[in-house]
Every structure is written in C-alpha cells, then in structure tokens.
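> Read top to bottom, the protein sequences are chains A and B.
If you read the first sequence in the working numbering, its first letter stands for residue 1, the second for the next number, and so on.
If you read the second sequence in the working numbering, its first letter stands for residue 1001, the second for the next number, and so on.
Mind having a look at this structure? Questions to follow.
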Amino acid sequence: MRVHDIAVALALGAALVTAPLAGTSTAQAQLKIVTSTTDLYDIAKQVGGNKITATHIGEGYQDPHFIEAKPSFVLQLRNADVWAFVGLDLEIGWMPLLLQGARNPKLQPGQPGYVDASRVITVLDVGRGNVDRSQGDVHPLGNPHYWLDPENGRRIARLFRETFSKLDAKNASVYEANEKAFTQRLDAAERTWQADLAKIKGQPVVAWHTSWRYLAEYTGMNIVGFMEPKPGVPPSPAHLAGLIQTMKQTRAKVIVMEPFYDRKTADFVASKTGAKVLVLPPSVGGTKGLGDYIQLMTSDIHQLAAAL
Amino acid sequence: MSGTSAHHARAYGIQAMLWGAFVTVVVASAPASAQRDTTRRDTTSRRTPSDSARIADSIAVVRELERLQREPRAENPGQQPQGPTNPRLLPDISAVGDLIGDLSPKGSTQEGGERFNVREVEVAVQAAVDPYFRGDVFLGISDLERISIEQAYLTAMALPWALEVRLGRYLMPVGKQNTTHRHDLHAIDYPYVIQRFFSDEGLKGTGIYASKIFAPFGFYQELILTAVDRFGEPTDGLVTIEPVNKKLSGLGYSARLRNYWDLSQASNIELSFSGITGKREQPVLGGDPTLGTPARQSVIGTDFTYRWRPLQQGLYKSFIVQAELMQQINEKDPTLELPSGVSPDGLLYGGPTRNFTGGYAFARYQLTRRGYLGARFDSFQDEAAEGSATNAVSGYLEFFPSEFSKLMVGYERYAPAEGSSTNRILLQATFALGPHKPHPF
C-alpha cells in the first residue's frame, strides 16, 4: 500500500472508529425542553417545575432574529422531547438548520414535541394584501413579539401545561398546579402595575423596532413612530428628520429601544427632541436581575411609567 | 316561480327578518342585561337554586364575551396562524442571482472574458416529500453552461440513531468552503486550492451521503461519509477504454470529521479533517491526444475556523478567521489501460507524478451593521509550473443593504509561478428572492 492510500485509509479509519461512540444518551425521567427564547424558557420552567429540564438557545440581550445556528445547539436539540419556539418566522434565520441538524423525530412539525407557541396567540400586524420585501424584513404571519403581553404569557403557560401533560401524563396534576400558581403570581403582579399603567396609558412614545407593539396594546402607550423606517431596516437621515418632526408634534418624550441596538442614533434623536432614551429589555435576562417573566414585565412597565 | 310560492317566499323572508331583528336586539342588549344582573345580586337571591345556576352560567358566558370584546388584540382573527400557512402544499421556491463585474486593468479575468456577466442564477425548489423524505433541488443557469443540476437530493428524515442520509447530487463535504454555495462565500471566488484541485465551481458528487453527529467527548462531532459516481467531473477531451468507475474501487469515496467547540458564548472554533479518493482520467502522451488512462487521485486536508460575535452587539460586530490546507496525492506510475491493438511502445503516462499542496487563510471583520472588510491569502503548488508556488492576495469590501442582497468590491494581486503578476478588480452583486433562508453558519 502506498503512502497516499495509507493516509486516506487512516482518515477514513479514524472517522469510522469514532462512529460507534455516537449517540450515547441516558434515559431520564424528566422531560427535556429546549426553547428558542428565555421568555419561553422561564414560563416552561414555571409550569414544568422539577419534572422537566430546560435550556434555551437565545439570550435575553440578544436579537432573536439573528442567532447563529451553532452546532452546539444541535447537541441540545438532539435528545430533547420538546422544542418550543415563538414562531411567526422569528426564528426562520436559524431554526431550520438546527432542527435539520438535530435529526430528532420528536421535534418535527406535527409531533407533540414541536411547539409553536404562536398558535395560541391573537396575533397583531398580520400581513394584508401584497406583502413583499420592499416593506422591509416583514413577518407576513404577524408580529412575533407577543410575549410582552401578560395575557399571552398566560396562554403560553396553558399551552405548556397541555403539552407537558400529553407527553408526561403521570405528572399532569403537577403541571396543572404549577400553571395555576404561575397564573396567580402573574395576576397578583398585574394588580401592582395599575398605578404605572395609568401613567403610561395614552402617552406618545417612539420605538426602535416593532418589538413593543404588544406591550403598547396592553399598556395603552401610543407608539407614534419607529426608529426603523421599515422592520429590520436601519434608520436613514431622511427618516430621522421626519421622525424628529413627528416627535415634536406629538410631544413624544421617550424612545424605547432594545439593548442589542446601537443607541448612538437614538441618542442623537433624543438630543434634537429633548426626549429620553429608554433601553428596555424585551426578554427575560435582558439585564441583570431580570430572572423571570414576571420580573421582566414588572420592570419594563415600571421603567416606562417612570420615564413618561 | 308560481304566485303562491312567491307569496310564501316573501312571507318567509319577512318572518326571517323579524326573527333576525329580534335576535339582534337580544344579542345587542346582552351586555346591558349582564351589567344589570351583576348589580342586582340581592334581588336574584329570591330565585330558586336552579334558576340561580342558570343565570350564573349566563353571566359567566356574557362576562367571557365582554372580556373578549374588550381585548383590542384581535386585529385580524380570521388570519390566525392556527390554520395552515401553505394550504396548497406548494414547495419553497427561491432564486439567487449572482452578477459579476471584472474591471481588471489588463482585461477581464473571467472564464468567458466578459466584463459584466450574470455568473449564475440559482433556482431552488425545496419541500418535504412525505413523512420520510425531504427534497432539495438547485438548478444553476448561466450563460456559459446553460442549465445544470447544481444539487438535487433526497434527505431521509426518519432514520434511527440520528443518522442523516442523502441520495442525489450535492456539494461534496470535503474541506470547509467547498460546502458553501459560491454566492454565499465571503469572497467572490472559491479559494484557488479548491479551484485547482476540484473546479472553479467547487466539487460536487452524485451518490449517497451519510452523516452522524455524536459527542462522546463532550463537544460536537460529525462524521460524513459519501460514495459518489466518480471523483470530480470527467476531464474534457480524454477518453478511457473503460469508465473510470467501472470497478467499485474507481468510485469517489470521501470522509469528513467535524469537531466543534464553544470557547465562550461569543466565540467558537471548528477543526475538521477531510479526505476523498477516486480514479480520474489522465492523459497518455505519445499517441492519440484524446487517449486517457485511469489513475487514482486523492485529496486530504484540514480546515480551521474561529468565529467571534458578541451576543448583545452581534448585529454590529463579528470576526472570522479561517484556513484550509489540502494535499493532492497522485498515483505516480499507473498501469496504462490502452485499447486493444494499441502498442504501449512509445506511450508515456502524462498525468501528474507528484503530490501538490495548497491552502488559504481568510479573515473578515465586521465594520458596521452592514459593512464587512475581508482579506485572503492563497498559495498552491501549481501543477502547470512543476509544483512552483502560485500566490494571491486579495481584499474585499462587502455591503449588505439587507439580508437579501449583497454588494462586494474586491481587489486581488495574483502572482503565478511563471509569468508576470496580475491585478484583478472585481465587483459582485447578489440578490435572493423568495422565502427567508437560514443564515449559513
């Protein structure tokens, strides 16, 4: 055998030798949940309690549209029982690669483990008429940032309870009790928000992206303009000039933006209008201390009220 | 219609209208009734328990209706995503245009000599075939090659042990950049080592592809094995007495082992090893110039990629450095396979009789949200110059107006092993139509 045959044989052999080591997984009683965002992760943990293990792909301070489909995420999904995601094409830039890479039949569309949380949501901004990319990075199925409405938090919890109960019927009563407890905590928190909500209602604000549409619907704040001229399109000087006029006319005092955008542009607009830039975390873990969904909602509403 | 029937119809219509008006009034007054019920609890206490239960039920229903009415979120309930988003089961159809400009000062360096060229339009049709398979078809359309099947493969989706198997034509999993569509590269062309060892358009193969992921050592590993009809495309103008793949040993076989580690949330590395072997036509000198003989050729290589992208500022900052090293290993003295009646006297093997090595190093830094600066150094032992090194240095400025379009300008200094150096100035514009595709990783 010649040198090159030996080299090729070694490469093939080394690969083949390691192949039988593949797929070593240990059976565990707990359901394994992987979620696309920290918000779904936290609600899943609230409902699943100690009967599940959960991980998430995106971080709360990361733009969920632009997560990289890293192979290490494939490993998380490979042995998962449930893949829960926001849907409405929020994860379209990376989810297909991960699901295809994971080769986990439990997570394929139509299976109980494939959980599109948007199917229990009343969706805003559903595309009408002719939708195309001249309108920016549109989501024709609707705005996917729906978790920033506590009613949708309850719906997601209900969906998780149903899903977990279907996959793990013996612990159905635990999931039901956990969901009820979560809902009660959310109800109690909501009662403490009333003074803040009263301050926010009707107040004009400018938002960077359409992430805050559901929060606006819930709080009654009035989004009079967006920093982005179209979804996903960075602001142009001409757009900002118009936006500054709009803010002066409407007396918008606050620019709400996510932590993953560059705030220099927002600061510029604020300097021209006397407005305040409010960097609000749109997701659990978006800033330190926001460890769960109820804390996120409480903090965002309180910060908004304080800024207005 | 008879007169009696018409009369009955009119009477029925009037009746229906009256009932409709009555129902409308009742429904319209329901919230008000409910409001009264909720404020007169003391008066209802005299009713029987069954009446109270019925009324309580009604109140609950009305309250639920009121709550739903109060919800301003139901902007378009008729278009909820619960229904199918693709009721006609149409496949995803997309197209990518790849336009090239060549402003090199000493003339175009493109294959066809064009200054401006639609290098390729790729049309993709992709969908699940059934519960077991997914189908992906990529057709390439170019001025030079007309329509060609770039890739067309069936992927088995329901195999045990996390196996993935593909049947069809695909980009060969050999090396790192060869697995990327040319229009998705961070540079305008494939690295020279890929162009020279495989082809300008990379290496494709038709056959079976099997992949398995595993993590016995705690990090991601993937093994990909393929068996394809042959190694590379047939050599133009050469004829062998028998197909190079007549024997199974003449097919193309490849293996790739990927190893991936997260260094932190923001950075990761991949170190992979690849190899491919097969028989290819090589020229025979001293006789008919079209006469060829099969000879084994193999390519082994390793590739390394480091990526950095901070999670919070990932829209604006990223960095990638990548390098590949490949060696082409050639059969030195193959037995000439000649047609019957052709004497081997005076005939010599005209294929490569030594090995060649090549590689590249590439880096790309993100300048702004939409702008990137890249550079690449290429070097390979040139078969046409008896193995002397040909080098190239290039730089690229990429601008992404959106995820669906890219504009690039590139400069390259190409220093061949023999002859004078060349400066190349290249422009590229790509655009994508159709459904949002996953971002390549």
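Glycine included, each C-beta is placed from N, C-alpha and C at the ideal position.
For clarity, every value in this text was computed on a predicted model and none was experimentally measured.
Quick one: measure Cβ to Cβ for residue 226 of chain A and residue 43 of chain A, integer angstroms, because I've assumed they're closer than 8 Å.
Wrong, their Cβ atoms sit about 27 Å apart, outside the cutoff.
> Anything in chain A within Cβ reach of residue 1157 of chain B, meaning under 9 Å, just list it in chain order.
Near residue 1157 of chain B (Cβ distances below 9 Å), the residues of chain A are 100, 103, 105 and 108.
> Excluding the 5 residues preceding and the 5 following residue 239 of chain A in the sequence, name in chain order all residues of the same chain whose CB lies nearer than 7 Å to its CB.
So the qualifying residues of the chain are 229.
> Output needed in chain order: residues of the region 47-64 of chain A with a Cβ under 8 Å from some Cβ in chain B.
Those residues of the region 47-64 of chain A that come within reach of chain B (Cβ to Cβ, closer than 8 Å) are 59, 61, 62 and 63.
> How long is the line joining the alpha carbons of residue 1435 of chain B and residue 1085 of chain B, rounded to whole angstroms?
Distance between the alpha carbons of residue 1435 of chain B and residue 1085 of chain B: 13 Å.
> Just the C-alpha distance for residue 144 of chain A and residue 181 of chain A, rounded to the nearest angstrom, thanks.
If you take the alpha carbons of residue 144 of chain A and residue 181 of chain A, they lie about 26 Å apart.
> Quick one: which unbroken alpha helix (DSSP H) runs of 4-plus residues sit fully inside the region 154-228 of chain A? Chain order, please.
Here the runs fully enclosed are 172-192, 194-200 and 213-219.
> Using DSSP with H/G/I as helix, E/B as strand and the rest coil, what is residue 244 of chain A?
Helix at residue 244 of chain A.
> Among the residues of its own chain, which have a CB less than 7 Å from the CB of residue 1159 of chain B, if the five just before and after it don't count?
Answer for residue 1159 of chain B: 1165, listed in chain order.
> Determine the chain A residues that contact residue 1381 of chain B at a beta-carbon separation under 7 Å, and present them in chain order.
What residue 1381 of chain B touches in chain A: nothing, since even the nearest Cβ is about 15 Å away.
> Apart from the five residues just before and just after residue 285 of chain A, which ones in its own chain have a Cβ nearer than 8 Å to its Cβ?
For residue 285 of chain A, where only same-chain residues beyond five positions count, the Cβ hits under 8 Å are 38, 59, 60, 61 and 291.
> Pick helix, strand or coil for residue 147 of chain A, following the three-state DSSP scheme.
Helix, per DSSP.
> Do we get a CB-CB distance below 8 Å when we pair residue 68 of chain A with the residues of chain B?
With 8 Å as the cut-off, residue 68 of chain A counts as an interface residue toward chain B.
> Looking at the C-beta of residue 150 of chain A, does it have a partner C-beta in chain B at a distance below 8 Å?
With 8 Å as the cut-off, residue 150 of chain A does not count as an interface residue toward chain B.
> What does the alpha-carbon distance come out to for the pair residue 289 of chain A and residue 1399 of chain B?
Those two C-alpha atoms are separated by around 38 Å.
> With 8 Å set as the bound, which would you pick, yes or no: does the beta-carbon of residue 1402 of chain B sit closer than that to a beta-carbon of chain A?
Yes, residue 1402 of chain B counts as interfacial toward chain A.
> Does the region 1351-1366 of chain B come within contact of the region 1317-1325 of chain B, defined as at least 3 CB pairs closer than 8 Å?
Touching, per the Cβ criterion.
> How would you write the range of the beta strand (DSSP E) that residue 1135 of chain B sits in, first residue to last?
1133-1142 is the span of the beta strand (DSSP E), which, as asked, contains residue 1135 of chain B.
> Taking the Cβ atom as the reference point for each residue, do residue 1284 of chain B and residue 1293 of chain B lie within a distance shorter than 8 Å?
The answer is yes: Cβ separation under 8 Å.
> Which chain B residues are close to residue 300 of chain A, counting only those with a beta carbon under 9 Å from its beta carbon?
Those do not exist, as residue 300 of chain A stays about 17 Å from chain B at its closest Cβ, beyond 9 Å.
> Can you give me the C-alpha to C-alpha distance between residue 53 of chain A and residue 1311 of chain B, rounded to a whole angstrom?
Using only the alpha carbons, I get a separation of about 24 Å.
> Answer yes or no: does any C-beta atom of chain B fall closer than 8 Å to that of residue 290 of chain A?
Not an interface residue.
> Give the interface partners of residue 94 of chain A over in chain B, defined as CB-CB distance under 9 Å, in chain order.
Those are 1438, 1439 and 1441, listed as they occur along chain B.
> Whose C-beta lies closer than 7 Å to the C-beta of residue 1440 of chain B among residues of the same chain, with five residues either side of it excluded?
Cβ within range, chain order: 1180 and 1184.
> Applying a beta-carbon distance threshold of less than 7 Å, which residues of chain A neighbour residue 1357 of chain B?
Result: empty, since nearest Cβ-Cβ is about 13 Å, beyond 7 Å.
> To the nearest angstrom, report how far apart residue 1095 of chain B and residue 133 of chain A are at their CA atoms.
Straight-line Cα distance between these residues: approximately 14 Å.
> Tell me residue 1292 of chain B's beta-bridge partners as DSSP assigns them.
Residue 1292 of chain B is bridged to B:1283.
> Report yes or no: is there a C-beta of chain B within less than 8 Å of the C-beta of residue 235 of chain A?
Chain B contact via Cβ: absent.
> Starting from residue 267 of chain A, follow the alpha helix (DSSP H) in both directions and report where the run begins and ends.
Here the alpha helix (DSSP H) through residue 267 of chain A covers 264-273.
> For residue 149 of chain A, I'd like the list of residues in its chain whose CB is within less than 6 Å of its CB, leaving aside the five on either flank, ordered along the chain.
For residue 149 of chain A, where only same-chain residues beyond five positions count, the Cβ hits under 6 Å are 214 and 218.
> As a quick exercise: from B:1369, B:1382 and B:1202, pick the residue whose alpha carbon is nearest that of residue 1313 of chain B.
Nearest option by C-alpha distance: B:1369.
> Who pairs with residue 1204 of chain B in a beta bridge, going by DSSP?
According to DSSP, which records beta bridges pairwise, residue 1204 of chain B is partnered with B:1171.
> What does residue 1085 of chain B touch in chain A if you count any residue whose Cβ is under 7 Å from its own?
Here the neighbours are 141.
> Looking at chain B, which residues of the region 78-90 of chain A have a Cβ within less than 8 Å of any of its Cβ atoms?
Answer set for the region 78-90 of chain A: 78, 87, 88 and 89.
> Below 6 Å CB to CB, which residues in the same chain sit around residue 1255 of chain B once its five sequence neighbours on both sides are set aside?
These residues qualify, in order along the chain: 1225 and 1275.
> Nearest-angstrom Cα distance between residue 1156 of chain B and residue 1116 of chain B?
When rounded, the distance between both Cα atoms is 41 Å.
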